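Here's the structure we're looking at; comments come further down.
Residue numbers (mature numbering (1 follows the signal peptide of the UniProt record, and there is no 0)): -23 to -1, 1 to 182.
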């Protein structure tokens, strides 16, 4: 466990250094695009007011579910939008939150396929929880192409179909993988056994 804590800490530091040049304006646009792409019947994102008056003297961390990086609250580090009653498809604009380390969308009513370029949109995400939604279609084959630093991946209780992509085995730092209660075929790629950091695996139906 101590080794895992070290790895997570190291990855967070590395990603922040790699993305040091990204500006806060792109993070504002990220949240604008995200809000516009989702249906919010409960008004959970009502605090996301981008007017000049509302933003003056404040940071993005004032918004519900948003946590900025230490020392720079206008660069989004964590997005926790779980259990907000959000509807629609996978949100747009996340590629503009270039230092995003954690995305939690669990327990909403999001549906449709996962974007084929989902990994490209969130290159430095370490924690991704999309569980308890209605996402369907196949898990993108290139999910590991850019999600190279991910540690926690939970797609459980959705409606994806097809096979578990063998490319998941390329997520070298993956510690937790949960695909429970999905419509995936039962065959487990033998490559998953090569994940040296994997500590928790749930593929039950």
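We put the beta carbon where it would ideally sit given N, CA and C, even for glycine. All values derive from a computational prediction rather than experimental measurement.
Can you check whether the CB of residue j is closer than 8 Å to the CB of residue i?
i           : j           : result
residue 113 : residue 88  : yes
residue 136 : residue 105 : no
residue 165 : residue 145 : no
residue 188 : residue 108 : Absent from the model: residue 188. The displayed extent of the chain is -23 to 182, so no value can be given.
residue 10  : residue 52  : no
residue 64  : residue 131 : no
residue 129 : residue 101 : no
residue 62  : residue 92  : no
residue 37  : residue 8   : yes
residue 162 : residue 177 : no
Between the Cα of residue i and those of the options, spot the shortest distance and give me the residue it belongs to.
i           : options          : result
residue 5   : 35, 16, 129, 179 : 35
residue 20  : 33, 42, 29, 2    : 42
residue 117 : 90, 102, 130     : 90
residue 158 : 152, 110, 94     : 110
residue 59  : 73, 48, 81       : 81
residue 124 : 141, 98, 49, 115 : 98
residue 49  : 8, 7, 177, 1     : 1
residue 149 : 162, 140, 122    : 122
residue 103 : 32, 3, 56        : 56
residue 13  : 96, 71, 94       : 71
Can you have a look at residue i and say buried or exposed, based on whether 16 or more other CB atoms are within 10 angstroms of its CB?
i           : result
residue 171 : exposed
residue 27  : exposed
residue 179 : exposed
residue 173 : exposed
residue 155 : buried
residue 23  : exposed
residue -4  : In this prediction, residue -4 scores a pLDDT of 46, lower than 50, which makes its location untrustworthy; the coordinate-derived value is nonetheless stated afterwards. By the 10 Å Cβ count, residue -4 comes out exposed.
Output needed for residue i: all residues of its chain with C-beta closer than 7 Å, excluding positions within five of it in sequence on either side, in chain order.
i           : result
residue 168 : 143, 146
residue 46  : -8, 52, 54, 76
residue 182 : 158
residue 151 : 127, 128, 130, 172, 174, 175
residue 44  : 38, 54, 55
residue 66  : 87, 88, 89
Below 6 Å CB to CB, which residues in the same chain sit around residue i once its five sequence neighbours on both sides are set aside?
i           : result
residue 138 : 160
residue 40  : 24, 25
residue 83  : 59, 106, 108, 109
residue 115 : 139
Output needed for residue i: all residues of its chain with C-beta closer than 8 Å, excluding positions within five of it in sequence on either side, in chain order.
i          : result
residue -2 : Model confidence at residue -2 stands at a pLDDT of 46, short of 50, so the residue's coordinates are unreliable; what they give is reported in the following sentence. So the list reads 52, 75, 76, once near-sequence residues are dropped.
residue 96 : 117, 119, 120, 121, 122, 123, 124
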